[in-house]
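Chemist: The number in my numbering is simply the position in the sequence shown, starting from 1, with 78 added. Ideal Cβ placement from N, Cα and C applies to all residues, glycine included. Supplied in structure tokens, the structure appears directly below.
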Amino acid sequence: MSDDKICFCGSMRRHKKCHPDISWESLAAKMLSLYAESDRLIDTHYSKNRVKPVCRKGCSECCSTVFSVSIVEFFLICREMIKFDHKRVALVKQRVLQSISYLNSKQPQLLDYFRSNHSGLDFKEMSLKVYELSKGVKIDCPFLTELTNRERICSVYNVRPLICRIAGTSFYSNDENMYICSHIGTNKTIMSSGPSTVDIWGSFIKEILTVTYNDAIYRGTVYPLIYWLYLALNELENLKIYLGGERHQKYFQMPYTKAKEKVLLGLS
Ligand code: SF4
Ligand code: SF4
Ligand SMILES: [Zn+2]
């Protein structure tokens, strides 16, 4: 029945014509509907207040910072990468390996942190720790594509992670002196120019990546895109297979409450 409904992703197309391979209550559907919701909030804010966003097409400095995303966001990008030809996949792999080798020499503590056990830490703690450890580290996102020699664009724009949608419009809290880019710096007025999608993100990530079991809290890990890609490096040539089977069931089909128990608690 849900096939005839307008798709959860905000495209205004019917579900069966838009995302027929993603079921309505799945983790992937929840994520895509959050993307649509945050885009809508930001667009409405700018048109209602008649202000122009600082961010514009071709502006990509923030794409060279290290930030964390959830596994669901990573899998949505993998799904998009199925459309990439062999050459593009090879380029992504090459960039990932270059970045990991750069981190190994420049900031090995960051790699050590990725490899450590994050159980018990919440999403914000993990993200802020990555932010702290990566100050002064510049790594181009492997999905950045040259537009001109001064402008670059995102090659996975429609499925870019939530943080890429909100950088420059919202921040974690007044206490944190976050540096965004040379256009914004640490200017909190600009950073709070959009709605607080970070708050939505905080509660959302709790809902989709947290399970309480026998009084203990289990949380999914968040990593920078570059590290998720590194972990899946040998699978990037065969993403249809990588995203098939049990992974497809858990992330793209199963109702997310059940999926969370399987993913986070390993319950069958
Ligand atoms: S956050 Fe900064 S670098 Fe990124 S798009 Fe906005 S203005 Fe440009
Ligand atoms: S996914 Fe796209 S928007 Fe996000 S950092 Fe990479 S190139 Fe930039
Ligand atoms: Zn859709």
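(1) Confirm the yes/no value for this check: CB of His97, any heavy atom of ligand 3, distance under 6 Å.
(2) For the alpha helix (DSSP H) that contains Cys96, what are its first and last residues?
(3) Please write down, chain order preserved, every residue whose beta carbon lies under 5 Å from a heavy atom of ligand 2.
(4) Val289 lies in the beta strand (DSSP E); which residues open and close that run?
(5) Between Lys135 and Pro333, what straight-line distance do the alpha-carbon atoms span, to the nearest angstrom?
(6) By how many angstroms is the C-alpha of Ile244 removed from the C-alpha of His261?
(7) Who's in the neighbourhood of ligand 1, going by beta-carbon under 6 Å from any heavy atom, listed in chain order?
(8) Do Leu206 and Tyr191 come within 7 Å of each other at the CB atom, strictly closer than that value?
(9) Between the region 317-325 and the region 85-102, do three or more beta carbon pairs fall short of 8 Å?
(10) Measuring CB to CB, does Ile120 end up less than 7 Å from Phe330?
(11) Could you compute how far the alpha carbon of Leu317 sits from the alpha carbon of Asn236?
(12) Drop a sphere of 10 angstroms on the beta-carbon of Met269, count the other beta-carbons inside from all chains shown, and report buried for 16 or more, exposed for fewer.
(13) Is Ser101 near ligand 3, in the sense that its beta carbon is under 6 Å from a heavy atom of that ligand?
(14) Ligand 3 and Ser89: does any heavy atom of the ligand fall closer than 6 Å to the residue's C-beta?
(15) Helix, strand or coil for Ile319? Go by DSSP, reduced to three states.
(16) For the beta strand (DSSP E) containing Ile231, name the first residue and the last one.
(17) To the nearest whole angstrom, what separates the beta carbons of Leu189 and Val215, a pair I think is in contact under 8 Å?
(18) Tell me whether Glu103 sits in a helix, a strand or coil according to DSSP, three-state version.
(19) Return the first residue and the last residue of the beta strand (DSSP E) that Thr143 is part of.
(20) Where do the N-terminal and C-terminal ends of the alpha helix (DSSP H) with Glu203 fall, by residue?
(21) Kindly provide the ranges of any alpha helix (DSSP H) runs that are 4 or more residues long and lie completely inside the region 105-184, ordered along the chain.
Modeler: Based on what the coordinates show:
(1) yes
(2) 93-96
(3) Cys141, Cys219, Phe221, Leu222, Cys232, Arg238, Cys242
(4) 288-291
(5) 36 Å
(6) 15 Å
(7) Val132, Cys133, Cys137, Glu139, Cys140, Ala245, Gly246, Ile258, Cys259, His261, Ile262
(8) no
(9) no
(10) no
(11) 18 Å
(12) buried
(13) no
(14) yes
(15) helix
(16) 230-232
(17) Not really, about 11 Å apart at Cβ, beyond 8 Å.
(18) coil
(19) Looking at the DSSP string, Thr143 is not in any beta strand (DSSP E), and its letter there is neither H nor E.
(20) 201-211
(21) 105-127, 149-159, 164-184
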